[in-house]
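Here's the structure we're looking at; comments come further down.
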Amino acid sequence: MVAVAEQDRAVIIVGGGIEGLSIARALAARGVGPVTLLERAHLASGMTSKSSGVVRCHYGVESLAAMAWRSVGILEDLGMAAGFRQVGYVVGVGEQNTVALKANVATQQALGIEVELIDHGKAAELWPHAKLDDFAGFAYEPRGGYGDGYQTAQSFASQAKDLGAELRRKTAVESLVHSAGEITGVALADGSVIRAPKVVVAAGMHSSALMQPLGIAVPLRAQLAPIFLVDPGQRTGAIPVLSDLVSLQYVRPDGAGSLLMGGSDHNNPTWVDPDRYPTGPTWAHMSDALSKFEYRFPKLTGASVVSSYTGYYDVTPDYNPVISATPIAGLYLAAGFSGHGYKISPAVGELMADLICCGESQYPGIDHKDFQLQRFVEKRPLLSPHPYVGAGEMR
Ligand SMILES: Cc1cc2nc3c(=O)[nH]c(=O)nc-3n(C[C@H](O)[C@H](O)[C@H](O)COP(=O)(O)OP(=O)(O)OC[C@H]3O[C@@H](n4cnc5c(N)ncnc54)[C@H](O)[C@@H]3O)c2cc1C
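Taking my numbering, I'd label the letters of the sequence shown as residues 35 to 429.
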């Protein structure tokens, strides 16, 4: 239990996206004392509200797969309160990636993840509209699917509030306050200071600017992520999420009858300014997405794009998150989710609570050292032992 003086907080969380809210929920549930979350705008108004919400445990990095698996159970418990639709998840790979596919599935199965290799016949039953002949192998997770970032974050918020956490909107943190190598609180725009012996920064891309004056480098870049909503022109029936690691796209059902499509080609990223990024895709993005879609779904001849938008991923050099203590005692960071942050968000809250309460992960299979910030300084990037050629997104 963290001791607190009158009116001080035990823990302050900066940022009311899905990660900050999950952390607030987990800390409040552990009874660490008064928890306050400060959000500069509205809860879940950042990248969380733009998430495609794909849920899968298909990672080569063991700790990440374990984080995703731990999260599935929590999303199942939330169910429709998180907009969670357990439609299943299929990943298809080309010939050069079949060895990696088998190795990754074996790692996932050893963690207890429900996943199996499936053949073309089973894949065609799941996705009858797709051209499948250029895939050489598939894996299927029946407990995968997709959820709604905004709804999931709001569920975490209401659970955190019920457990006693204070969530303040329209409260921007101007700077972090520290003394003699220890965090002591945060300063707001009006000059007031809220004191706490523990502060968690979960401010997405803006985390770097908050940490930088303390001499802590957080290597983040914002990578544009265009999303397209497609009317398939016919009923598709029940279909799972499809990760196409040949064309480098993902497609999932979207509510009643639509499809949502995003890219997974990180070979030529478009880097943007997170405060001034284009909110719609360019014609080049559109034409690239359409040609991939037409190639993969030749039977959907009446399909048309009905809407599109862009968000950005806050990416680290190894495309993996930072969930970590920092060189300033009592200061923690949860940022750089690199496009994985929805599916692991329930476990992010639990891992941060473990770090704050016990100093290390309490969950089998999740090694907190994997997500440390210092891995970038120590030049030990978190990489899959069985990476997919040309499809780095899977990690
Ligand atoms: C288009 C797109 C598709 C995606 N698809 C998937 C997917 O299919 N599956 C998956 O797992 N992940 C996906 N992701 C990734 C996932 O959505 C993100 O990793 C996750 O939402 C990040 O949450 P966050 O809380 O870190 O950031 P955010 O939601 O951006 O929240 C950060 C919050 O901090 C606040 N803030 C910033 N500065 C301050 C300050 N100084 N003071 C107070 N508050 C501050 C911001 O206002 C914001 O609300 C996708 C992301 C995008 C953009």
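Backbone N, C-alpha and C fix where the C-beta goes; we use that ideal spot for every residue, glycine too. Model, not experiment: these values are computed from the prediction.
Cβ pair residue i, residue j closer than 7 Å
{"i": "residue 96", "j": "residue 141", "result": "yes"}
{"i": "residue 267", "j": "residue 337", "result": "yes"}
{"i": "residue 434", "j": "residue 346", "result": "The chain is shown from 35 up to 429; residue 434 falls before or after that span and cannot be answered."}
{"i": "residue 331", "j": "residue 164", "result": "yes"}
{"i": "residue 303", "j": "residue 344", "result": "no"}
{"i": "residue 88", "j": "residue 349", "result": "no"}
{"i": "residue 296", "j": "residue 284", "result": "yes"}
{"i": "residue 116", "j": "residue 181", "result": "yes"}
{"i": "residue 382", "j": "residue 230", "result": "no"}
{"i": "residue 183", "j": "residue 83", "result": "yes"}
{"i": "residue 414", "j": "residue 93", "result": "no"}
{"i": "residue 201", "j": "residue 62", "result": "no"}
{"i": "residue 378", "j": "residue 105", "result": "yes"}
{"i": "residue 237", "j": "residue 48", "result": "yes"}
{"i": "residue 374", "j": "residue 138", "result": "no"}
{"i": "residue 58", "j": "residue 387", "result": "no"}
{"i": "residue 77", "j": "residue 214", "result": "no"}
{"i": "residue 241", "j": "residue 235", "result": "yes"}
{"i": "residue 99", "j": "residue 145", "result": "yes"}
{"i": "residue 217", "j": "residue 365", "result": "yes"}
Inter-residue spacing [alpha-carbon to alpha-carbon] between residue i and residue j
{"i": "residue 334", "j": "residue 263", "result": "14 Å"}
{"i": "residue 189", "j": "residue 122", "result": "22 Å"}
{"i": "residue 208", "j": "residue 126", "result": "45 Å"}
{"i": "residue 422", "j": "residue 133", "result": "9 Å"}
{"i": "residue 108", "j": "residue 90", "result": "13 Å"}
{"i": "residue 294", "j": "residue 363", "result": "43 Å"}
{"i": "residue 243", "j": "residue 135", "result": "38 Å"}
{"i": "residue 385", "j": "residue 376", "result": "15 Å"}
{"i": "residue 177", "j": "residue 298", "result": "22 Å"}
{"i": "residue 367", "j": "residue 226", "result": "22 Å"}
{"i": "residue 310", "j": "residue 255", "result": "13 Å"}
{"i": "residue 223", "j": "residue 74", "result": "10 Å"}
{"i": "residue 150", "j": "residue 173", "result": "5 Å"}
{"i": "residue 279", "j": "residue 219", "result": "45 Å"}
{"i": "residue 69", "j": "residue 56", "result": "12 Å"}
{"i": "residue 65", "j": "residue 286", "result": "38 Å"}
{"i": "residue 417", "j": "residue 392", "result": "26 Å"}
{"i": "residue 253", "j": "residue 110", "result": "33 Å"}
{"i": "residue 424", "j": "residue 128", "result": "10 Å"}
{"i": "residue 325", "j": "residue 371", "result": "28 Å"}
{"i": "residue 328", "j": "residue 210", "result": "50 Å"}
{"i": "residue 397", "j": "residue 160", "result": "33 Å"}
{"i": "residue 353", "j": "residue 199", "result": "31 Å"}
{"i": "residue 194", "j": "residue 321", "result": "43 Å"}
{"i": "residue 277", "j": "residue 289", "result": "18 Å"}
{"i": "residue 53", "j": "residue 148", "result": "25 Å"}
{"i": "residue 35", "j": "residue 112", "result": "At residue 35 the pLDDT is 45, less than 50, meaning the model places this residue with poor confidence; the figure from the coordinates comes in the next sentence. Taking the straight line from one Cα to the other gives about 28 Å."}
{"i": "residue 265", "j": "residue 292", "result": "5 Å"}
Residues that DSSP places opposite residue i in a beta bridge
{"i": "residue 411", "result": "Note: residue 411 sits in no beta bridge, so no partner."}
{"i": "residue 70", "result": "46, 200"}
{"i": "residue 119", "result": "180"}
{"i": "residue 150", "result": "174"}
{"i": "residue 245", "result": "None; residue 245 has no bridge partner."}
{"i": "residue 461", "result": "The chain is shown only over 35 to 429; residue 461 falls outside these bounds and no answer can be derived."}
{"i": "residue 295", "result": "262, 285"}
{"i": "residue 235", "result": "48, 367"}
{"i": "residue 278", "result": "126, 283"}
{"i": "residue 210", "result": "220"}
{"i": "residue 305", "result": "257"}
{"i": "residue 341", "result": "263"}
{"i": "residue 352", "result": "Per DSSP, none; premise fails for residue 352."}
Which of helix, strand or coil DSSP assigns to residue i
{"i": "residue 257", "result": "strand"}
{"i": "residue 109", "result": "helix"}
{"i": "residue 317", "result": "helix"}
{"i": "residue 283", "result": "strand"}
{"i": "residue 5", "result": "For residue 5 there is no data in the structure shown, the boundaries of the chain being 35 and 429."}
{"i": "residue 221", "result": "strand"}
{"i": "residue 323", "result": "helix"}
{"i": "residue 240", "result": "helix"}
{"i": "residue 357", "result": "strand"}
{"i": "residue 399", "result": "coil"}
{"i": "residue 336", "result": "coil"}
{"i": "residue 80", "result": "coil"}
{"i": "residue 97", "result": "helix"}
{"i": "residue 88", "result": "strand"}
{"i": "residue 346", "result": "strand"}
{"i": "residue 53", "result": "helix"}
{"i": "residue 252", "result": "coil"}
{"i": "residue 389", "result": "helix"}
Cβ of residue i within 7 Å of any chain D Cβ
{"i": "residue 87", "result": "The chain labelled as chain D is not found in the depicted structure, where only one protein chain is given."}
(message) Within 8 Å, do at least three Cβ pairs link the stretch 397-409 to the stretch 351-365?
(response) yes
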